[in-house]
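*Asks:* Here the sequence shown stands for residues -20 to -1, 1 to 496, where the numbers follow mature numbering (1 follows the signal peptide of the UniProt record, and there is no 0).
Idealized CB from N, CA, C, for every residue including glycine.
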Amino acid sequence: MKKSLFYYLFAVLCAVNLFSSCSENESIAVPIDSELAGKYKGKLDVSISQNGTEIPGGTINSQIINVTKAGDNAVSLSITDFSFMGIEIGDINLENCVLTANGDNYEFTGTTKVEAELLTADVDATGVFSNGSLNLNLDIDATLTGGVKQAVKVTYSGTRLKGDESSEAKITSFVFDRKVAEVDSLVIGESVINEEAKTITFMVADTAKAEYLTALVPTIEVSKGATVVPASGEAQDFSNGKVVTYTVTAEDGTVAEYKASISGNVVVYDFENWTVDKTQTSEENQYPIAEGGWASCNQAVLFIKAFGAFATPPISYTGGWPITSTQDVHSGKLAASMESVDTQGHDNMMGQKVPKVTAGSLFLGNFNPLAAMYPGGAMKTTEFGIPYYKEPVKVTGYYKYTPGTEFYNADGKLQEGVTDKCSLSAVLYEVSNENETLYGDDIYTSDKIVAKVIFTSDQVVEEYTPFELNLEYVKEYNPEKLYKFAVIFSASADGAAYNAAVGSKLVVDNVAIINK
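1) Measuring CB to CB, does residue 108 end up less than 8 Å from residue 87?
2) In its own chain, which residues sit with a C-beta less than 6 Å from the C-beta of residue 428, not counting the 5 before and 5 after it?
3) Tell me whether residue 281 sits in a helix, a strand or coil according to DSSP, three-state version.
4) Which of the three DSSP states, helix, strand or coil, is assigned to residue 54?
5) By Cβ distance, which residues of its chain are closer than 8 Å to residue 450, with the 5 residues on each side in sequence left out?
6) According to DSSP, which residues form a beta bridge with residue 377?
7) Taking the CB atoms as reference points, tell me whether residue 438 and residue 401 lie closer together than 8 Å.
8) Less than 7 Å between C-beta atoms, sequence neighbours within five positions excluded: which residues of the same chain meet that for residue 342?
9) Hey, quick one: how far does the beta strand (DSSP E) through residue 346 stretch, first residue to last?
10) Any heavy atom of the ligand SAM inside 7 Å of the beta-carbon of residue 285?
11) Apart from the five residues on each side of it in sequence, which residues of its chain come closer than 8 Å, Cβ to Cβ, to residue 5?
12) What residue range is occupied by the uninterrupted beta strand (DSSP E) comprising residue 301?
13) Where residue 83 and residue 112 are concerned, what is the direct C-alpha to C-alpha distance, given to the nearest angstrom?
14) Are the Cβ atoms of residue 155 and residue 198 separated by less than 8 Å?
15) Evaluate residue 23 with the Cβ neighbour count: other Cβ atoms within 10 Å of its Cβ, from every protein chain shown; 16 or more gives buried, anything less gives exposed.
16) Quick one: grab the DSSP three-state call for residue 400.
17) Taking C-alpha atoms, which residue in 237, 306, 416, 232 lies nearest to residue 268?
18) Just verifying my parser: in three-state terms, what is the DSSP assignment at residue 360?
19) Count the other C-beta atoms from every protein chain shown that fall within 10 angstroms of the C-beta of residue 298, then say buried if there are 16 or more, exposed otherwise.
20) For the stretch 413 to 423 against the stretch 376 to 392, are there 3 or more C-beta pairs whose distance is under 8 Å?
21) Taking the straight line between their C-alpha atoms, what separation do you get for residue 339 and residue 293?
22) Count the other CB atoms, across all protein chains shown, that sit within 10 Å of the CB of residue 489; report buried if there are 16 or more and exposed otherwise.
23) Bridge partners of residue 498, per DSSP?
24) Using DSSP bridges, identify the partner residues of residue 501.
25) With DSSP collapsed to three states, give me the class of residue 115.
26) If you follow the beta strand (DSSP E) that residue 489 is part of, which residue opens it and which one closes it?
27) Work out the CA separation of residue 204 and residue 15 for me, nearest whole Å.
28) Restricting to Cα atoms, I'd like to know which of 117, 188, 42 is closest to residue 149.
29) Taking 8 Å as the threshold, find out whether the stretch 239 to 248 comes into contact with the stretch 173 to 182 through three or more Cβ pairs.
30) Please list, in chain order, all residues of the same chain as residue -3 whose beta carbon is under 7 Å from its beta carbon, the five residues on each side excluded.
31) With distances taken Cα to Cα, identify the nearest neighbour of residue 463 among 471, 364, 478, 394.
32) When we look at the beta-carbon of residue 172 and count the other beta-carbons within 10 Å, is it buried (16 or more) or exposed?
33) Taking 8 Å as the CB-CB cut-off, is residue 190 touching chain D?
34) When DSSP builds the beta bridges, which residues end up paired with residue 110?
35) With a threshold of 6 Å on Cβ separation, who are the neighbours of residue 360 within its own chain once the five nearest residues in sequence on each side are excluded?
36) Is the beta carbon of residue 431 less than 8 Å from the beta carbon of residue 467?
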């Protein structure tokens, strides 16, 4: 007989009333209130008999049975919310069970007749109370329509609770530690426990393959005295959207279920790796580059350094690079620093205008300085976005910001009383091919935009502060289409229009793109 027959049997039991009768015995004095009545917590095992062999049908490690006084020498028992193998059975009640003394023990028996449309079943119950413990056996002989027989056994062994046990059944910590399992390093950031919704969500690296997510090993902490199943340290399969249910049982038997799953994958930019532009033969012109697809205004400053002598009158930039790594970090060894710098300003350097202040900016994409020589000028030098094959939800990270003290407009005139702003933004847009791009003049206005978010602030932020850029979708994402995604950081929000303050400084670290 297949296991499914057993599951079917119990499903039918849910739909019928379970009437129980317990054997009668001569009246005896039983200390029910002081020694027997109360909650019992213990292990319940189910087995199925097939061809003389007992096959495990499920185990509940913290099953509660309530015992109440039904008379001077009788008790009633209730198995509340009985379930196994994910099947909810409901309450099983044994009413008015007469107790028989046997030394220090109290024994009882009971029988139940179940009649339903598709089966009949005889349930025999035997049990014994002994020094604060309860042992119970249920023998179920079922006959299905057509005469098919199925035998099921339920055994239970539990201990009486004192009454002062904690009822708190919470998961207080759910972490993945690569010291426990190397594969746990694929989990990015901290798990989020939503106590109200009873959910646990976490994110994994976008490089995580499904096969590696089949054996993640969470380390779990629960309320004092509580237990959790599956246990802490047991490998679980979270691949392909699977949800793992964790059942927490408090000391007093209170049960809570949590659903754990992956909420998304993450692309992480920690700015730990930097290089320089080695195409420049002079070390003086080898500007810093943040690895991972980032471009910056360093190339614009290089262009000014290289061609300033051709301006009339000539200009010479001798300051530092606006985009550099810094050891002022949120975590790790390096972060990204952006500072708006004084590039003097000029109306005609090889036909192009040089701003008084070049805004410190760092973005995913490409910088093409030669585009400044063609129609569109400086706005065409910034080619925003990299090919992107996932659906981004938000960009997170940490930042610090200090606005500069002298703000200049596009004409190079000092603007008294104007405070600079930093800008942190992200844009997802559709392209017909990977060569198509958006530029400085249309990155926020193009009709190709699918989603975007822009955050600006003129506030001084001295300590690392988390930011969260939640993308607002204006078009539906279609995985069959091609997209580019740009993350843009600038120490001067209006720097693209040449309005910025000298010395405005933005530092970012631990940036992450969260994908659906």
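*Replies:* So, to answer that:
1) yes
2) 409, 410
3) helix
4) strand
5) 373, 374, 433
6) 447
7) yes
8) 270, 274, 276, 303, 316, 318, 469
9) 341 to 347
10) The ligand SAM is not among the ligands present in this structure, which contains no ligands whatsoever.
11) Any reading at residue 5 must be qualified, since the residue scores a pLDDT of 49, below 50, and its modelled position is unreliable; the value itself is stated next. So the qualifying residues of the chain are 53, 78, 79, 80.
12) No beta strand (DSSP E) holds residue 301; DSSP gives it neither H nor E.
13) 14 Å
14) yes
15) exposed
16) coil
17) 306
18) helix
19) exposed
20) no
21) 23 Å
22) buried
23) Here the chain covers residues -20 to 496 and nothing more, so residue 498 does not appear.
24) The requested residue 501 does not occur in the structure, where the chain is confined to residues -20 to 496.
25) strand
26) 485 to 495
27) 26 Å
28) 42
29) yes
30) Caution applies to residue -3, whose pLDDT of 48 falls short of 50 and renders its modelled position unreliable; the value that the coordinates give is listed next. So the list reads 72, 73, 92, 94, once near-sequence residues are dropped.
31) 364
32) exposed
33) The structure shown has no chain D; it contains just one protein chain.
34) 85, 113
35) 351, 419
36) no
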